[in-house]
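Data block below; observations after.
Protein chains: 2
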Amino acid sequence: MIFIKRIIITLIITCPFLLNSQTDLEKSDFINNIYNEALSNGESYEWLEYLSNDIGHRLSGSVNAERAVKWGRNELIKISDKVWLQPVMVPKWVRGAPEYAHIESTSGKTISVPILALGGSISTPSIGIIANVVEVKSFNDLDKLGEEKVKGKIVFYNRPMDPTIINTFEAYGQTVNQRTQGAKYAAQYGAVGVIVRSMTTASDDFPHTGSMYYDDLPLNKRIPAAAISTNGADLLSSMLSLNKEVKFYFRQNSKNFPDQLSHNVIAEIKGSKYPDEIIVVGGHLDSWDVGDGSHDDGAGIVQSMEVLRIFNSLGYKPNRTIRVVLFMNEENGLRGGNKYAEIAKEKNENHFFALESDAGGFTPRGFSFDTSVEEFELIEPWVEYFKDYALENFFLGGSGADIGPLKDGRVILSGLRPDPQRYFDYHHAPSDTFDKINRRELELGAAAMTALIFLMDNHKL
Amino acid sequence: MIFIKRIIITLIITCPFLLNSQTDLEKSDFINNIYNEALSNGESYEWLEYLSNDIGHRLSGSVNAERAVKWGRNELIKISDKVWLQPVMVPKWVRGAPEYAHIESTSGKTISVPILALGGSISTPSIGIIANVVEVKSFNDLDKLGEEKVKGKIVFYNRPMDPTIINTFEAYGQTVNQRTQGAKYAAQYGAVGVIVRSMTTASDDFPHTGSMYYDDLPLNKRIPAAAISTNGADLLSSMLSLNKEVKFYFRQNSKNFPDQLSHNVIAEIKGSKYPDEIIVVGGHLDSWDVGDGSHDDGAGIVQSMEVLRIFNSLGYKPNRTIRVVLFMNEENGLRGGNKYAEIAKEKNENHFFALESDAGGFTPRGFSFDTSVEEFELIEPWVEYFKDYALENFFLGGSGADIGPLKDGRVILSGLRPDPQRYFDYHHAPSDTFDKINRRELELGAAAMTALIFLMDNHKL
Numbered sequence: 000m001i002f003i004k005r006i007i008i009t010l011i012i013t014c015p016f017l018l019n020s021q022t023d024l025e026k027s028d029f030i031n032n033i034y035n036e037a038l039s040n041g042e043s044y045e046w047l048e049y050l051s052n053d054i055g056h057r058l059s060g061s062v063n064a065e066r067a068v069k070w071g072r073n074e075l076i077k078i079s080d081k082v083w084l085q086p087v088m089v090p091k092w093v094r095g096a097p098e099y100a101h102i103e104s105t106s107g108k109t110i111s112v113p114i115l116a117l118g119g120s121i122s123t124p125s126i127g128i129i130a131n132v133v134e135v136k137s138f139n140d141l142d143k144l145g146e147e148k149v150k151g152k153i154v155f156y157n158r159p160m161d162p163t164i165i166n167t168f169e170a171y172g173q174t175v176n177q178r179t180q181g182a183k184y185a186a187q188y189g190a191v192g193v194i195v196r197s198m199t200t201a202s203d204d205f206p207h208t209g210s211m212y213y214d215d216l217p218l219n220k221r222i223p224a225a226a227i228s229t230n231g232a233d234l235l236s237s238m239l240s241l242n243k244e245v246k247f248y249f250r251q252n253s254k255n256f257p258d259q260l261s262h263n264v265i266a267e268i269k270g271s272k273y274p275d276e277i278i279v280v281g282g283h284l285d286s287w288d289v290g291d292g293s294h295d296d297g298a299g300i301v302q303s304m305e306v307l308r309i310f311n312s313l314g315y316k317p318n319r320t321i322r323v324v325l326f327m328n329e330e331n332g333l334r335g336g337n338k339y340a341e342i343a344k345e346k347n348e349n350h351f352f353a354l355e356s357d358a359g360g361f362t363p364r365g366f367s368f369d370t371s372v373e374e375f376e377l378i379e380p381w382v383e384y385f386k387d388y389a390l391e392n393f394f395l396g397g398s399g400a401d402i403g404p405l406k407d408g409r410v411i412l413s414g415l416r417p418d419p420q421r422y423f424d425y426h427h428a429p430s431d432t433f434d435k436i437n438r439r440e441l442e443l444g445a446a447a448m449t450a451l452i453f454l455m456d457n458h459k460l
Numbered sequence: 000m001i002f003i004k005r006i007i008i009t010l011i012i013t014c015p016f017l018l019n020s021q022t023d024l025e026k027s028d029f030i031n032n033i034y035n036e037a038l039s040n041g042e043s044y045e046w047l048e049y050l051s052n053d054i055g056h057r058l059s060g061s062v063n064a065e066r067a068v069k070w071g072r073n074e075l076i077k078i079s080d081k082v083w084l085q086p087v088m089v090p091k092w093v094r095g096a097p098e099y100a101h102i103e104s105t106s107g108k109t110i111s112v113p114i115l116a117l118g119g120s121i122s123t124p125s126i127g128i129i130a131n132v133v134e135v136k137s138f139n140d141l142d143k144l145g146e147e148k149v150k151g152k153i154v155f156y157n158r159p160m161d162p163t164i165i166n167t168f169e170a171y172g173q174t175v176n177q178r179t180q181g182a183k184y185a186a187q188y189g190a191v192g193v194i195v196r197s198m199t200t201a202s203d204d205f206p207h208t209g210s211m212y213y214d215d216l217p218l219n220k221r222i223p224a225a226a227i228s229t230n231g232a233d234l235l236s237s238m239l240s241l242n243k244e245v246k247f248y249f250r251q252n253s254k255n256f257p258d259q260l261s262h263n264v265i266a267e268i269k270g271s272k273y274p275d276e277i278i279v280v281g282g283h284l285d286s287w288d289v290g291d292g293s294h295d296d297g298a299g300i301v302q303s304m305e306v307l308r309i310f311n312s313l314g315y316k317p318n319r320t321i322r323v324v325l326f327m328n329e330e331n332g333l334r335g336g337n338k339y340a341e342i343a344k345e346k347n348e349n350h351f352f353a354l355e356s357d358a359g360g361f362t363p364r365g366f367s368f369d370t371s372v373e374e375f376e377l378i379e380p381w382v383e384y385f386k387d388y389a390l391e392n393f394f395l396g397g398s399g400a401d402i403g404p405l406k407d408g409r410v411i412l413s414g415l416r417p418d419p420q421r422y423f424d425y426h427h428a429p430s431d432t433f434d435k436i437n438r439r440e441l442e443l444g445a446a447a448m449t450a451l452i453f454l455m456d457n458h459k460l
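Heads up: the protein sequence lines correspond to chains A and B, in order.
In terms of numbering that gives the first Met the number 0, the first sequence opens at residue 0 and continues consecutively.
In terms of numbering that gives the first Met the number 0, the second sequence opens at residue 0 and continues consecutively.
Here it is, written out as C-alpha cells:
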C-alpha cells in the first residue's frame, strides 16, 4: 500500500436508519464509549496471555484446569460484587505417553504420520495395533462393506470438510460424526481401531483431537480411535489407492479415570432495578490438552470478563444482575453447563438473557439468537447500533453449548459469531496458541458483547 | 466448541431482495460456480507460496523484483491469450548493512532498540549519529518548539495510530505524514535525524519501514530517517519523560542509485463482444525489502491472476477484454501505475473498469468504488449477489494506488476491502510473511474479485 491512502468515505445505503430518538442516540453514544474503552484500555489480551502462556492447556480434571479456576476467581474478585465456585463433577481422561503411528507400505518399510488420540478413547495395547485399512467416507460406506470386509481391520474415516461451504462451522457439522461416533459404528462390524481425518479445511501436519463417545457399547467391544493430520490422511489415502494391502500401525496410551471435582467460576454485579433478573455472559474455561486453547475458548473467557471490567470502568450500574460464568468441561461432557442450569432451576432463578462466546477470538461479524421469532423481531433492529463497528448480522440460530441447557422457552440465548475462516485451522490442535490471537479482533469481540449486554440490560424495563 | 454445533439457520431480514429475474438467477448461479472453483481448486495460495518463499521480498530495482517479473510472465502465459512486459524506469534504493540503534540513558549505558531506515532515506555518517532527542506528536508541536529547541537534535515523531478507529486504514492515514514528510519538516529546524514510531496498532518489536520523501529539499539539508518499533518508541518516550538528556544513537547505510529499467507485467484475454473495452484487475508486484510481502501485495497479485484462471477453468468467455496487470513500483514511486495510465492514454485505450487488491489477503468484507453517484447507484444493488458469501459492503471511496492514474471521469475504479484489523500488524515489516496468510481468506478474496469482474463484464452490454 502506498504512503497515503485516500480515506474511505463510507456512504451508508441501507434500510431506513432506526436510531433517531433521544434514547437511541444516548445508547449509541454509550456504545461508542464501550468500544473506545475496549480498544484503548482493554485487559482481555493480557488476561489471555496469562491464561494461555502461564497456565496453558486445561482439560477437565487436570491440574491446569484447577489452576485456571483459581486464576479466574482471583481476577473476577477484582471487578465484581461477588464471586463463587460452583462444584461440578467432571470426567477425567488422560492422554498419557505421546502417540505414534506409521503407514507400512511393504513389510518393514514405514512412514510415520502425526496422530492424536481422540478424547475419551481407550488405549491401544501397549505394543500398538497393526492392521489392514478400509477407507470410508461415511457410515453408509461402512454399512455397504459389512462385517466381512471390516472385521480385524482399521477403519479410516476420510470425509473432508467441504471447502465450498462459506461458514466453516456448517462444514464441521457435516463431518464431525466420523469423530464422535466413528469408533462405536466401526466396532459393530468388528474393526480393531479407528483413524479419523482431522476436522479442518487446512492441509497441514497437525492432528485435531476432540471428543468421541462409546455410549452404551460394552467395554469389551470398545476400540481405540485417533485423529490423523489432513496431510497424513491424504498420504494414507493415496497409498491405499495404489495398494490395498498397506497396513497402518498406531499406539496410544490414553485412559479414563473416575470423575473428579471441579468448578464453574461465577461472578456477578447486582442489578439496581431488577436484581432478580439475570443476564449471563460466558465461555468455557476448560480446553483440550494440546496447544493452549487460546481460541477455544480462552478468548471467550477473557471477553466475558472484559464485559464486567468495561461496565466498571465506565461507571455503568446495570439494571439487571450481570453474571460472568466461566464454565467447566464444555469439551468432553458439558457438565458445567448442565450443572449451572440445574442449580438455576433448583433455585428458581429468572434468567433474562445469556450470551456465549465460543467460536474463536476473531473479528466479530454478528450475533445469533435462539429465541422466538416475535422476540427476535424486537432485537433485530439493534443491528443498526453495530454498523459503525463493522458487525452486520443478527440472525436466528444456535447460541452456545454451555448456555444451551438454560433454554426454557423464556430466556433469550445468543452466541457471538466471529469471522469463521481461520477457526478450524487451530480448533483442538497443537496450533491453537496465543500467537494466533490478534489483539484488536479479540477486543472488538469483547466490545460487541458488552454493547449487546448493555442493550439487553435496557430492554423491556 | 462442543462436538456438535447446531447448524446456524440464517434468516434473511434485509432490504427487499433484488435477485428475481431469470438473468439475475443465472448470474447468481455462475457466481456460485466461481466461489466453488476458487475454494476447491484455487491456485492463488500455491502461487503466493512460490512468490513469497522462493522469490521473497522484491523492492523495485532489486534482483528479486526482476525474478518476480519473470515468474509473473511465465505463470500468466499459461492462462491468457497474450502476455507482455511494459518497460518502466524505477527508483533504486538500497538499505545496505543492517541498521543499529540504541538509547543512551547516561554516558556508556545503552539499550539497543530495533529500527529500519525509511525507504528513500539517506545514510547516516558511517560512525552513526548521536544526539539529544525532542519528542513530538505532530508538525504543530515541532513548529512550537522552533529552531532553538530542535537544532542539532534528533526529532522523535511518536503519534500513535488511534486504536479506537475501527478502520485501521483511516488511523494510518492520520499518522503516516510523520513518516513521509517528517524528515523534510524536521530538517527545516536544523534537526540532525528523524526517528518515527512504526505505523501499527500492535505493540511489538518490529520496525515498519515505508517511503519518505525529501521533495525539493537541497541535498546538503537532507537528514536520515528511520522507523522504530512501537515497543522501542514506548521505551524511548518513557525514558525521555524521566530524563530529557537521554541520547539516541543510530546508524544506517542506505543509498539511492540511478533509476533502473523494470516492467509491469500485463496479460489479457480478448473480449468476444467489445474487445476494445478493457477491464483491468491487478495489484503491485514490488514489495518492501523486509519480510516477503505476502500481504503487501503478494496477495493482490495472486488474486488477480486467479481471476483469469477461474474464468478459464469455468470456460467463461468474457464480453470485454480482461487484463491482469502486475504493477511495478507501487511502494516507492508509483512509476508502474503512472506508466500504465500514460501508455493507455497514448494508445487511446478505452478502460471500462479497473479493480485493485492492495489491502491484504484477509476475509473480504466489501468493495469501494471510485465513480459517480449515478453510476454507483447502478452497481450498489449487486451487493445482494455477495451476501451468501459474507461480503456485505459496497461504498463510494478510493480504489487502489496503481489504478488511480487511470481516472478520467469515465472508467469505474474499485478496490477490494478485506477485514482491516490485522493488516498493520504486518505492513512493511519483517513480519509480513507467508505464514500470516490464511488460504480460505485469500481464496474468498479472489472469488469476490472474479465475481465482481464477471458482473462488470455483463454490465451495460
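Even for Gly, the Cβ is constructed at its ideal location relative to N, Cα and C.
Model, not experiment: these values are computed from the prediction.
Whole-angstrom distance between residue j and residue i, CA atom to CA atom
i        : j        : result
B/Gly181 : A/Ala170 : 50 angstroms
A/Glu25  : A/Leu377 : 19 angstroms
B/Gly332 : B/Gly360 : 23 angstroms
B/Phe453 : B/Pro317 : 8 angstroms
A/Ala224 : A/Pro162 : 25 angstroms
B/Ala266 : B/Gly292 : 22 angstroms
B/Val89  : A/Trp287 : 53 angstroms
B/Tyr212 : B/Ser125 : 22 angstroms
A/Arg94  : A/Lys254 : 7 angstroms
A/His426 : A/Ile194 : 18 angstroms
A/Leu390 : A/Ser413 : 15 angstroms
B/Glu244 : B/Val132 : 8 angstroms
For residue i: DSSP bridge partner residues
i        : result
A/His101 : A/Ser111 and A/Tyr248
A/Leu134 : The sequence shown places Glu at residue 134 of chain A, rather than the Leu named in the question. Answer is A/Phe155.
B/Phe256 : B/Lys91
B/Arg196 : B/Ile227
A/Tyr273 : A/Arg319
B/Glu267 : B/Lys81 and B/Arg322
Close beta carbons around residue i, own chain, < 6 angstroms, minus the five adjacent residues each side
i        : result
B/Ile129 : Lys246 and Tyr248
B/Ala232 : Asn157 and Arg196
A/Glu276 : Arg319, Asn349 and Phe351
Contacts around residue i, its chain only, beta-carbon distance under 8 angstroms, and the 5 residues preceding and following it disregarded
i        : result
B/Tyr44  : Val301, Ile436, Arg438, Leu441 and Glu442
A/Asn166 : Pro419
A/Glu468 : Residue 468 of chain A lies beyond the stretch modelled for chain A, which goes from 0 to 460, so this question has no answer here.
B/Ser312 : Glu36 and Asn40
B/Pro257 : Lys91
A/Ser398 : Ala353, Leu354, Glu355, Ser367, Phe368, Asp369, Leu412, Ser413 and Gly414
Close-in-space but distant-in-sequence residues of the same chain around residue i (CB under 7 angstroms, 5 per side omitted)
i        : result
B/Glu42  : Glu305 and Arg308
A/Leu260 : Pro86 and Met88
A/Leu10  : Only weak support is given to the placement of A/Leu10: the predicted model assigns it a pLDDT of 33, under 50, and the value that follows is read from those uncertain coordinates. The answer is none, since no qualifying residue turns up.
A/Glu74  : Trp46 and Met304
B/Ala462 : In the structure displayed, chain B extends from 0 to 460; residue 462 of chain B sits before or after that span and is not available.
A/Asp387 : none
A/Gly365 : Leu390, Glu391, Asn392, Phe393, Phe394 and Arg416
Closer than 8 angstroms at the beta carbon, the chain D residues around residue i
i        : result
B/Pro162 : Although the question refers to chain D, the structure presented lacks it and instead comprises the protein chains A and B.
Got a sec: which bits of the stretch 15–38 of chain B sit with their beta carbon under 8 angstroms from any beta carbon on chain A, in order along the chain? Tyr34, Asn35 and Leu38
Quick check for students: name the residue ranges of the alpha helix (DSSP H) that lie wholly in the stretch 29–100 of chain A, counting only runs of 4 or more. 43–48 and 62–76
Uninterrupted beta strand (DSSP E) stretches inside the stretch 354–417 of chain A (no shorter than 3 residues): 363–369, 392–395 and 411–417
For the stretch 185–208 of chain A, enumerate the residues whose C-beta is nearer than 9 angstroms to any C-beta of chain B, in chain order. Thr200, Ala201 and Ser202
Can you list, in chain order, the residues of the stretch 376–390 of chain B whose Cβ is nearer than 8 angstroms to any Cβ on chain A? Glu379, Asp387, Tyr388 and Ala389
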